[in-house]
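Novice: Numbering (the numbering used here), first residue to last: 787 to 912. Glycine included, each C-beta is placed from N, C-alpha and C at the ideal position. Would you mind keeping the following structure in view while I ask a few things?
Listed below in structure tokens is the structure:
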């Protein structure tokens, strides 16, 4: 598969299945996803930061029961200095913990190599 459209269900055991879906940036889709989600992986471009749609989605999640939320920050390879990277990570962590709860899980993906994220970074999610 080169392009995926719609939800993808992965069989993880005899009686276990995981369904993965991407949530578009429109309110009705966010509402539909928030109603059925048990876990949300909130992907944020660290170079750009949080968008207004992210906060809209978090507000919708709060009104529908607030499932477990984990943050995944990407594009960390686009920072040129270590000082700037550390400062941005600190600001993103503070904002994420303010919006979700202090101590919420966060993962950092440094960048894509040969069309894929680094294996050890992806393993941290599991």
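Is the beta carbon of residue 904 less than 9 Å from the beta carbon of residue 893?
Specialist: Cβ distance not < 9 Å, so residue 904 and residue 893 don't count as in contact.
Novice: Can you check which of these residues, 836, 871, 855 and 800, is closest to residue 890 by C-alpha distance?
Specialist: The shortest C-alpha separation from residue 890 is found at 855.
Novice: Roughly how many angstroms separate the alpha carbons of residue 825 and residue 899, rounded to a whole number?
Specialist: Going by the C-alpha atoms only, they are around 27 Å apart.
Novice: Can you list, in chain order, the stretches of the beta strand (DSSP E) that have 3 or more residues and sit fully within the segment 835–870?
Specialist: Correct list: 854–860.
Novice: Within 10 angstroms of its Cβ, does residue 838 collect 16 or more other Cβ (buried), or is it exposed?
Specialist: Residue 838 should be labelled exposed.
Novice: Please state the DSSP three-state secondary structure of residue 829.
Specialist: Here residue 829 sits in strand by DSSP.
Novice: How many angstroms separate the CA atom of residue 830 from the CA atom of residue 799?
Specialist: Answer to the nearest angstrom: the Cα atoms are 30 Å apart.
Novice: What residue range does the alpha helix (DSSP H) around residue 813 cover?
Specialist: Counting along the chain, the alpha helix (DSSP H) containing residue 813 begins and ends at 813–822.
Novice: Can you grab the Cα-Cα spacing for the pair residue 867 / residue 802, in whole Å?
Specialist: Roughly 44 Å separates the two Cα atoms.
Novice: How is residue 878 classed by DSSP in three states: helix, strand or coil?
Specialist: In the structure shown, residue 878 sits in a helix (DSSP, three-state: H, G or I).
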